[in-house]
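Residue numbers (my numbering): 5 to 255. These notes are about the structure you will find just below.
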Ligand SMILES: [Zn+2]
Ligand SMILES: [Zn+2]
């Protein structure tokens, strides 16, 4: 299994980080987890064959997780993509899809076949030898999903956006790699939206993943990298990494 970090930033502008996107390649299948602004460019920079991607999972419909989807579709069309693109997302996909295809960009509907699957809170989707399991996250008022991808005894979990959440901890338990958001530093923040380094330390203590990748990082978190990694790692022996755009991990 190979994991490519395409976008590791947030909606705050950052010269080194674009918005959310992770590509997972396993068992001959390429699947994209989120496709925020800049992810299309990062895919071309990383040398990914866009036409090899047949499955796109969108965790939720905040702009930084889905805004490159249509640009991606347009590129696939121009590249002569002749397959059906499978899109999986929470229930809000219905409204989002109507707005995009019926109102904003109706011409795109005929250019590319997109099969849409609405994700329940705890879906299990089999893609050949790869299994993707979902869990609901706690993220403001939007329905959102975390994903666990498993193949050949290896597993990665992608939290997407979430405050500390029992369902995500359960999904992440024992994963080889936990890619978890850490949007902001410890401090006084709205409840039920994002995770701070101290909160992530508790999550890691409970989930016991083999490795932790701190993801969805705002500039204030990047500026305190050393301190953030020490905080997240204080209750675990697992390796703690700060995600970087275009970083890859193999397992
Ligand atoms: Zn969000
Ligand atoms: Zn986000």
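Yeah, the Cβ is synthetic: ideal placement off N, Cα and C, and Gly gets one too.
*Using the beta-carbon count (16 or more within 10 Å), is residue 19 buried or exposed?*
Position 15 of the chain shown holds residue 19. Classification for residue 19: exposed.
*Below 6 Å CB to CB, which residues in the same chain sit around residue 245 once its five sequence neighbours on both sides are set aside?*
Stepping through the chain shown from its first residue, residue 245 is reached at position 241. Excluding sequence neighbours, residue 245 sits near 217.
*Under three-state DSSP, which class holds residue 7?*
For the purposes of this step, residue 7 is taken as residue 3 along the chain shown, with counting starting at 1. DSSP places residue 7 in strand when its eight states are reduced to three.
*Is any heavy atom of ligand 2 found at a distance shorter than 7 Å from the C-beta of residue 148?*
By one-based count along the chain shown, residue 148 stands at place 144. Because no heavy atom of ligand 2 lies under 7 Å away, the Cβ of residue 148 does not count as near it: no.
*Report yes if the C-beta of residue 106 is less than 7 Å from at least one heavy atom of ligand 2; otherwise report no.*
Within the chain shown, numbered from 1, the residue matching residue 106 stands at position 102. Not under cutoff, so the answer is no.
*asked:* For residue 15, tell me which candidate among 219, 111, 202, 191 has the shortest Cα-Cα distance.
replied: One-based indexing of the chain shown puts residue 15 at position 11. Measuring from the Cα of residue 15, the nearest candidate turns out to be 219.
*Collect the residues with a C-beta less than 6 Å away from any heavy atom of ligand 2 and give them in sequence order along the chain.*
14, 24, 66, 68, 69, 165, 220
*With a cut-off of 8 Å, do at least 3 Cβ pairs link the segment 135-152 to the segment 98-114?*
no
*Do you know offhand how far residue 29's Cα is from residue 35's?*
Walking along the chain shown from the start, residue 29 turns up at place 25. Walking along the chain shown from the start, residue 35 turns up at place 31. Near 6 Å, if we compare the C-alpha coordinates of residue 35 and residue 29.
*Where in the segment 41-103 do unbroken runs of the beta strand (DSSP E), each at least 3 residues long, occur, reported from the N-terminal end onward?*
57-61, 88-93
*ligand 4 heavy atoms versus the CB of residue 143: any closer than 7 Å?*
Ligands present in the displayed structure are limited to ligand 1 and ligand 2, and ligand 4 is not among them.
*Exposed or buried, what is residue 179 when buried is set at 16 or more other beta-carbons lying within 10 Å of its beta-carbon?*
On the chain shown, position 175 is the one that residue 179 refers to. Buried, because 16 or more other Cβ atoms sit within 10 Å of the Cβ of residue 179.
*residue 247 versus residue 12: straight-line alpha-carbon distance, rounded*: For the purposes of this step, residue 247 is taken as the residue at position 243 of the chain shown. For the purposes of this step, residue 12 is taken as the residue at position 8 of the chain shown. Each residue's alpha carbon lies about 6 Å from the other.
_Assuming residue 59 and residue 90 are in contact, meaning their beta carbons sit under 8 Å apart, how far apart are those beta carbons, in whole angstroms?_
As a working mapping, residue 59 is identified with position 55 in the chain shown. As a working mapping, residue 90 is identified with position 86 in the chain shown. Indeed, because the Cβ distance is near 5 Å, the residues count as touching under 8 Å.
*asked:* Less than 8 Å between the beta carbons of residue 5 and residue 207, yes or no?
replied: For this step, residue 5 is matched to residue 1 along the chain shown. For this step, residue 207 is matched to residue 203 along the chain shown. It is not a contact, given that the beta carbons lie outside the stated cut-off.
*asked:* Just to confirm my understanding: we take residue 177, look at its own chain, exclude 5 residues before and 5 after, and list those with CB closer than 6 Å. What are they?
replied: One-based indexing of the chain shown puts residue 177 at position 173. 211, listed in sequence order.
_Per the DSSP calculation, residue 162 is bridged to which residue(s)?_
By 1-based counting over the chain shown, the position of residue 162 is 158. 151, 183, per the DSSP bridge assignment.
*By Cβ distance below 8 Å, which residues in the same chain neighbour residue 96 in space, the five residues on each side in sequence not counted?*
Counted from its first residue, the chain shown places residue 96 at position 92. So the list reads 64, 65, 146, 147, once near-sequence residues are dropped.
*asked:* Only counting the same chain, and skipping five residues up and downstream in sequence, which positions put a Cβ closer than 7 Å to that of residue 87?
replied: In the chain shown, the residue the question calls residue 87 occupies position 83. If we look at residue 87 and ignore the five residues flanking it on each side, its Cβ neighbours are 58.
*Select from 93, 82, 43, 37 the residue whose C-alpha is nearest the C-alpha of residue 55.*
In the chain shown, counting from the first residue as 1, residue 55 sits at position 51. Among 93, 82, 43, 37, the Cα nearest to that of residue 55 belongs to 82.
*Is residue 193 helix, strand or coil by DSSP?*
Translated into positions along the chain shown, residue 193 becomes position 189. Here residue 193 sits in coil by DSSP.
*Would you mind giving the Cβ-Cβ distance between residue 69 and residue 40, rounded to the nearest angstrom? I have them listed as a contact below 8 Å.*
What you label residue 69 is simply residue 65 of the chain shown in a count that begins at 1. What you label residue 40 is simply residue 36 of the chain shown in a count that begins at 1. Yes, they are in contact, since the Cβ atoms of residue 69 and residue 40 sit about 5 Å apart, within 8 Å.
_Cα-Cα separation between residue 193 and residue 167, rounded to whole angstroms_ = Position 189 of the chain shown holds residue 193. Position 163 of the chain shown holds residue 167. Going by the C-alpha atoms only, they are around 11 Å apart.
*How about residue 9 and residue 250: are their beta carbons less than 8 Å apart?*
The residue labelled residue 9 in the question sits at position 5 within the chain shown. The residue labelled residue 250 in the question sits at position 246 within the chain shown. Taking 8 Å as the Cβ cut-off, residue 9 and residue 250 qualify as a contacting pair.
*Is it the case that the Cβ atoms of residue 163 and residue 153 are separated by a distance below 8 Å?*
Counting from 1 along the chain shown, the entry for residue 163 is found at position 159. Counting from 1 along the chain shown, the entry for residue 153 is found at position 149. Result no, Cβ atoms of residue 163 and residue 153 do not sit closer than 8 Å.
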